[in-house]
Amino acid sequence: MPRAVGPPSNDTDFVKYTKYSKKAGVLPNLPREPPPDWRPLKIDNPRIFGDAQIPDGVDKGSPIALFDLFFDADVLDRIAYYTNQHAEHVRADSPSTCRGWKPTSPTELYTYFAIVIYMGLHREPSLSEYWVKLHGSAPTQNQSFKSPFGRVWDLSESLRERTFKYWTAGKHLCVDEAIARFTRRASEIVCLANDGVILNWLFHARGAGRGPVNLLTVTEATFTPTESVPITLVLGKDSNGDRLFPPNLHIVWDDNLFNTIPMLEYLRSKGVGCADTVRTTKTATEERFEAEAEAELQSEVPAVARRARSKLTKERFNSDLVKLKTQFTGKLEWGATYWALSESKEVLEAAWRDNQVVLFASTVVEPVQLVQKLRRRSKLSQNNQKLFKSAFGDESVKLLGMPKMIDDYNKHKSEVDRFDQTRSYYSVQQVKRRTWKPLWYFLLDLTINNCYRLSSYSSSTAAKRGGHKKFLYDLIEQLFKRGKRLCHGSTKRQRLDDLAQHVSVNEEGSHRSVRLFGEARTCAACAENGRTKYKSLRSRPEYLSFRDQDRSTSSNSQLCEAWQERHEFTLATPKCDIHDTITRFN
């Protein structure tokens, strides 16, 4: 039933909305065949896929053995040392009512890693949900630090060096943003991956000095911090000054955020091939862009004028190809490809009509190569019905041609996404206000992912049978076996100064219960000294249950002396009756 027409407006200034169609103009005259003078960069690398370089004697089926490759005894010693050093520095200026602290150790760190990984397998809404709400050990303090990257930088460099030691990269590399939850000081992380193994990464900072941290200094050309990200990741050097990725061996599939013509030309001059799509965020024409840049050039603000000068001098992606995407998408046939070359003839530029127009730039592709792929037709609408009917007919799935450069992009651009997918299932990342903690969790996630990729659990057969989850559970079990057993009693930590003033009666490894005979229990140290019976067999009052490990005789004597000083009574012999002491204490 048609909708009834509403009453006319009585507003004299009312103007009915009129939708005007945008005039597209004349279709740019671009060649449909590849340029004859195009010469791609030759990449001679027979190693298509990456290869693990596991040292002899390391079992690929042992998660803890692979974990030791990255977190060995030296790394754990340094983590424990700097943790204790920082704790003492903070406690020196803290009030006497602050939470207690015991120095940590490398063996305790194994237990910590196991707990953190287990928390990734069993998610809770918040970190505090893993603790009893009113417990004395519940984390309540929130801290922030001025240099979150400095807290993890040494560990990051160590993990980066070990990753290159145990993995030889293949021909195809991928640069993309990693999906991670960051707040305040850190905005994102950009990773370089090969076959799902993260080989290199860069942190991005917020606030003052916003942008990537520790970028490679490029003196031959001027690049923005965004353009410098793939340059830093690919042209980085090791401690010996050698390039991490030798020239003429690798192709980088980077994100369209970084893909610019000057950056592609610079990487080609260094022997690195590069290819990716091109981002268009504005519909402005080349003439309008230049006019705005010239207007900014007259600004009195030095930063604005410098940015405008950079816009005018740098070469941009072909404007006619951009018009095909922004103005002539509906007029192009399915599968139509248009080509252009950069001014230096070192970068091939293309526009290919798929569901939408795809803009592409590369220094290595062979434009004449086509592959046949099964394509699924998108949902028909009034705007695309004619286009899809001409390509698919009445079929919903059809074998259609596709440029090989687009097919290679679909294959190799997902390496960082594979890492994101793996860590999304059982990530150790927790919501924290401390700005360095998300970076620490990211490095731990990265290490666990690389260990999994190096292991036999990641094979196609094992992966289908829950290999990733089984790998994590086996790693947790092995970490717990190697780590320090925690006390079954109170988990509230004692302050170091309290332990110095009062004899430590609640240390780990203080007492264990020993059944002598009947219903009686006594101290293990007294039993080892020869005590075999009580003074009387009268019923005993309630006594404390000591659940810890063995304690030496000297520690037991100190315990007795502490009770003697506090309650002012004399013990007849060193073979003290602890139950009588507790009775007097009560």
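Note that my numbering has the sequence shown beginning at 89, numbered continuously upward. Glycine included, every Cβ here is placed at the ideal spot set by N, Cα and C.
Here the region 179–192 does not lie against the region 559–568, with fewer than 3 beta-carbon pairs under 8 Å apart.
Residues D264 of the same chain have their beta carbon placed closer than 8 Å to that of D505, with the five preceding and five following residues left out of the count. When only Cα atoms are considered, T171 and G489 end up about 58 Å apart. For A449, the uninterrupted beta strand (DSSP E) run begins and ends at V445 to S450, by DSSP. Counted as a single uninterrupted DSSP element, the stretch harbouring H260 is not any alpha helix (DSSP H) but the beta strand (DSSP E) occupying residues H260 to A266. Restricting attention to L352, S316 and G359, the CA atom closest to the CA of F333 is found in G359. In this structure, W422 and R441 form a Cβ contact; the two beta carbons are roughly 6 Å apart against a cut-off of 8 Å. When DSSP states are grouped into helix, strand and coil, G361 belongs to the strand group.
Cβ atoms of T401 and V445 stay farther apart than 8 Å, at about 28 Å. Per DSSP, P526 is one residue of the alpha helix (DSSP H) stretching across W524 to L542. D326 and P335 have their alpha carbons spaced roughly 15 Å apart. The C-alpha of A168 is placed about 25 Å away from the C-alpha of W289. DSSP, reduced to helix, strand and coil, places Y198 within a helical segment of the structure shown. The residue from F159, D139, P318 and K552 with its alpha-carbon nearest to that of W255 is D139.
One thing to note: V452 has its Cβ within 8 Å of the Cβ of P128. Around the C-beta of F448, 16 or more other C-beta atoms lie within 10 Å, and the residue is accordingly described as buried.
When M351, V366, D408 and W341 are compared, the shortest CA-CA separation from P313 is found for M351.
When the five nearest sequence neighbours on each side are left out, the beta carbons in the same chain lying within less than 7 Å of the beta carbon of A202 are those of I564, L567, F568 and G571, in order along the chain.
L197 is positioned such that its CB atom lies no closer than 8 Å to that of L247.
Per the DSSP secondary-structure output, L462 pairs in a beta bridge with L487. Annotated three-state conformation of R394 is helix, per DSSP.
Apart from sequence neighbours up to five positions away, the residues of its chain that approach V485 with a beta-carbon distance below 8 Å are L462, R463, R464 and R465, ordered along the chain. Looking at the backbone, the Cα of W126 and that of G329 are separated by about 34 Å. Collapsing the DSSP output to three states places W241 in a helix. V278 is the residue among V278, P123, V114 and F480 whose C-alpha sits nearest the C-alpha of L534.
Ranked by Cα distance from L118, the options V410, Y545, I152 and E483 are led by V410. Rounded to the nearest whole angstrom, the CA to CA distance from I536 to Y206 is 12 Å. Around the beta-carbon of R120, fewer than 16 other beta-carbon atoms lie within 10 Å, marking it exposed. The criterion of a C-beta distance shorter than 8 Å is satisfied by P116 and L412. Classified as exposed, E483 has fewer than 16 neighbouring CB atoms from the shown chains inside 10 Å of its CB.
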